[in-house]
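Residue numbers (this note's numbering), protein chains in the order written: chain A, 8 to 364; chain B, 8 to 364.
From the three backbone atoms N, C-alpha and C, an ideal C-beta is built for every residue, glycine too.
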């Protein structure tokens, strides 16, 4: 029985990635050895790292001014690594939820932090607008997609200071203009790879401007100089990332997947707007995430949450429980999620509504 | 054709680990989903982390005073994380090679470092003895096994200050007394798992004694409190680690594998001491590594290195080139290496010698 994987992360990956990784666990690149037990300095693994780096550059149209890195530690490690490398005295942060808050907390160890706006007043169910980013900050940091609350910022903000974004949960899902950013980071476990590798794209000339000494492993220049091979990289996650990047290119790249993602999200949001038993958590369509669709039962059906959960589970939908901080449900619809799975969930919503009649 | 995997790291893993991981990449714990795409908060993955932690405690007889953590970033990340958490003013380090040097370099950012001894004078081909560790240091740090040079410290040192060890390349290969250490760390990619996870064993009461603010992700207390699940762990490497731990337990645990490791290393060292074409890099048997056996051609055969390399390669030996800093050859003989592979290499040495006659 096919499972429909709505987990928020680690989350669904393309069947291609799963198949190729399983094969390489048994025999990697014809070496007769597992990808888990081959030196990262072998020509076979160096080729993996090189192609993965090149494909990120190609798919996201990364300009020559920027470098692509595969690191470890997740976005949580970037929360302190970014200010360690880039915060001189003052930085601005937009607070759109849990991940923004965590980034702000770490940055405060390194300088003054201006929180330009926050949607905390209504449990982060919208994206603040009309905020002003001070011109005297070292950078402006924001989170593009809020996995927990289901909001997303769909366009690169226009600011006059260096721009930094945590794109963990929507990178590769829509076009971005990398040239506008000094640094982009993303834990891989949504649209790229299994957990254990973190993508960083950084403008070279932004580095080397802080006075504090930086430990070698969290100095981005270390990894630029060594092509993400200063120390042993997480070889299996990087190998899997390469497969996903190949799959994405094969399927038309970012523009093509962005169109599919819009169509997929529309199927669920349209149903949420129509169905009398459910409502979306995020009211303003402009703020709705195309990756993590949060919804709750309408007032009349509040007591029937467990009943719908059971119905959806019986249809093989996995991972639809909402984050404990907002409850309800969450359908994560990353790049690899097929329309077929989305239709199964929407059909379950319709069936549930009919049962109530 | 079976390959004989002598890579220094990432390196040979048990066939059991490879088989079980390949299976879980396709279907993890009967979920119908890949271990790459299942939430780390799912009950199935929480069970993996719990069992892996428990097995480390059981196999290494970790006392109640200590916690076991699975982190990211490799030993290179521990080089600065250790002093960040534990160095108040002064620490002592033993310099036995490249990895010790890297640890010393990072520690110098946090306090005064006393290098108690060094074997740099002869390219680290022995373990310094008779050194004195000052009594006023916060800790004494050493590297148990030197992957590049082929030396190993086979017994826990007796010191009166807190003890810290980088055991990346020999953990789980021999008995250790964890109670003697404040902290042990090990990149997993030798005797445990594919690259991408780092084992840390830390004495709880050693923490919280430095004044500097510590970023959340590199504060060991964060990960103790959250059972290595503060952020998304590297699920596939942790899953593979669990399989290796199960395999190790099934095969008699540390005492049993230590005996096998001694026998395996003896087969090669005996041949190196006998064969007129080869000699071991490390002269003192007490200092010789049982994990990484470094050797070179004897004087009369110096020009024939490529010839032996070709012969060994024709016998399907992979990864025997010595590190560029000392040249020659290196046979890494980690826990998972079967005697059969070692015999193939030794037979190649004998065949090479006969050809010269």
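C-beta contact flag for residue i and residue j at 8 Å
| i | j | result |
| --- | --- | --- |
| residue 252 (chain B) | residue 62 (chain B) | yes |
| residue 20 (chain A) | residue 179 (chain A) | no |
| residue 101 (chain B) | residue 135 (chain B) | yes |
| residue 305 (chain A) | residue 287 (chain A) | no |
| residue 297 (chain B) | residue 159 (chain B) | yes |
| residue 22 (chain A) | residue 249 (chain A) | no |
| residue 91 (chain B) | residue 183 (chain B) | no |
| residue 192 (chain B) | residue 364 (chain B) | no |
| residue 235 (chain A) | residue 43 (chain A) | no |
| residue 73 (chain B) | residue 210 (chain B) | yes |
| residue 217 (chain A) | residue 190 (chain A) | no |
| residue 185 (chain B) | residue 69 (chain B) | yes |
| residue 336 (chain B) | residue 329 (chain B) | yes |
| residue 80 (chain A) | residue 95 (chain A) | no |
| residue 194 (chain B) | residue 175 (chain B) | yes |
| residue 275 (chain B) | residue 353 (chain B) | yes |
| residue 145 (chain A) | residue 97 (chain A) | yes |
| residue 28 (chain A) | residue 247 (chain A) | yes |
| residue 299 (chain B) | residue 339 (chain B) | yes |
| residue 254 (chain A) | residue 173 (chain A) | no |
| residue 205 (chain B) | residue 320 (chain B) | no |
Straight-line gap, residue i to residue j (C-alpha atoms, nearest Å)
| i | j | result |
| --- | --- | --- |
| residue 110 (chain A) | residue 324 (chain A) | 32 Å |
| residue 38 (chain A) | residue 212 (chain A) | 39 Å |
| residue 263 (chain B) | residue 104 (chain B) | 29 Å |
| residue 116 (chain A) | residue 203 (chain B) | 27 Å |
| residue 5 (chain B) | residue 201 (chain A) | Only positions 8 to 364 of chain B appear in the structure, and residue 5 (chain B) is not among them; the question remains open. |
| residue 12 (chain A) | residue 25 (chain A) | 14 Å |
| residue 317 (chain B) | residue 290 (chain B) | 26 Å |
| residue 163 (chain B) | residue 171 (chain B) | 10 Å |
| residue 114 (chain A) | residue 87 (chain A) | 6 Å |
| residue 344 (chain B) | residue 227 (chain B) | 33 Å |
| residue 165 (chain B) | residue 139 (chain B) | 11 Å |
| residue 124 (chain B) | residue 220 (chain A) | 26 Å |
| residue 199 (chain B) | residue 18 (chain B) | 10 Å |
| residue 271 (chain B) | residue 356 (chain B) | 15 Å |
| residue 292 (chain B) | residue 131 (chain B) | 14 Å |
| residue 177 (chain B) | residue 16 (chain B) | 12 Å |
| residue 133 (chain B) | residue 332 (chain B) | 15 Å |
| residue 32 (chain B) | residue 41 (chain B) | 5 Å |
| residue 341 (chain A) | residue 267 (chain A) | 10 Å |
| residue 155 (chain B) | residue 265 (chain A) | 48 Å |
| residue 258 (chain A) | residue 294 (chain B) | 56 Å |
| residue 122 (chain A) | residue 310 (chain A) | 38 Å |
| residue 238 (chain B) | residue 238 (chain A) | 22 Å |
| residue 187 (chain A) | residue 169 (chain A) | 8 Å |
Partners in chain A for residue i, counting only beta-carbon separations shorter than 9 Å
| i | result |
| --- | --- |
| residue 299 (chain B) | Going along chain A, no residue has its Cβ under 9 Å from residue 299 (chain B), so there is no contact; the nearest lies around 13 Å. |
| residue 209 (chain B) | In chain order: nothing, as chain A lies at least about 18 Å away. |
| residue 217 (chain B) | Ordered by position in chain A, no residue passes the 9 Å Cβ test against residue 217 (chain B), which lies about 14 Å from the chain. |
Cross-chain neighbours of residue i in chain B, by beta carbon under 8 Å
| i | result |
| --- | --- |
| residue 83 (chain A) | 223, 224, 237, 238 |
Where residue i meets chain A, residues with beta-carbon distance less than 7 Å
| i | result |
| --- | --- |
| residue 70 (chain B) | The contacting residues do not exist; residue 70 (chain B) stays about 28 Å from chain A at best. |
| residue 154 (chain B) | The contacting residues do not exist; residue 154 (chain B) stays about 11 Å from chain A at best. |
| residue 247 (chain B) | 43 |
Within chain B, partners of residue i - CB distance below 9 Å
| i | result |
| --- | --- |
| residue 87 (chain A) | 222, 223, 224, 225 |
Residue i: contacting residues in chain B (beta-carbon distance under 7 Å)
| i | result |
| --- | --- |
| residue 250 (chain A) | Simply none; closest approach about 10 Å. |
| residue 157 (chain A) | Those do not exist, as residue 157 (chain A) stays about 17 Å from chain B at its closest Cβ, beyond 7 Å. |
| residue 267 (chain A) | Neighbours of residue 267 (chain A) on chain B: none; closest Cβ ~18 Å, over 7 Å. |
| residue 80 (chain A) | 79, 80, 224 |
Closer than 8 Å at the beta carbon, the chain A residues around residue i
| i | result |
| --- | --- |
| residue 169 (chain B) | Residues of chain A passing the Cβ test: none, with the nearest at roughly 21 Å. |
| residue 284 (chain B) | Chain A residues near residue 284 (chain B): none, gap ~26 Å exceeds 8 Å. |
Residue i: CB within 7 Å of a non-hydrogen atom of the ligand HEM
| i | result |
| --- | --- |
| residue 292 (chain A) | Summarising the ligand content, the structure contains no ligands, and the ligand HEM is consequently not present. |
Near-chain A residues of the stretch 39 to 68 of chain B (beta-carbon distance less than 7 Å), N- to C-terminal order
39, 40, 41, 43, 44, 45, 46, 47
Check each residue of the stretch 113 to 138 of chain B: if its Cβ is closer than 7 Å to any Cβ of chain A, include it; give the result in chain order.
113, 116
Contact between the stretch 270 to 290 of chain A and the stretch 140 to 151 of chain A (3+ Cβ pairs under 8 Å):
no
Touching by the beta-carbon criterion (3+ pairs, under 8 Å), the stretch 45 to 55 of chain B and the stretch 231 to 246 of chain B
yes
Contacting positions in the stretch 312 to 344 of chain A - beta carbon closer than 9 Å to chain B
323, 325, 326, 343
Could you name the residues of the stretch 9 to 22 of chain B whose beta carbon sits closer than 8 Å to any beta carbon of chain A, in the order they occur along the chain?
9, 10, 12, 14, 15, 16, 17, 18, 19, 20
Chain-ordered residues of the stretch 22 to 33 of chain A with a beta carbon less than 7 Å from chain B:
25, 28, 29, 32, 33
The stretch 177 to 202 of chain A: which residues have C-beta closer than 8 Å to a C-beta of chain B, in chain order?
194, 196, 200, 201, 202
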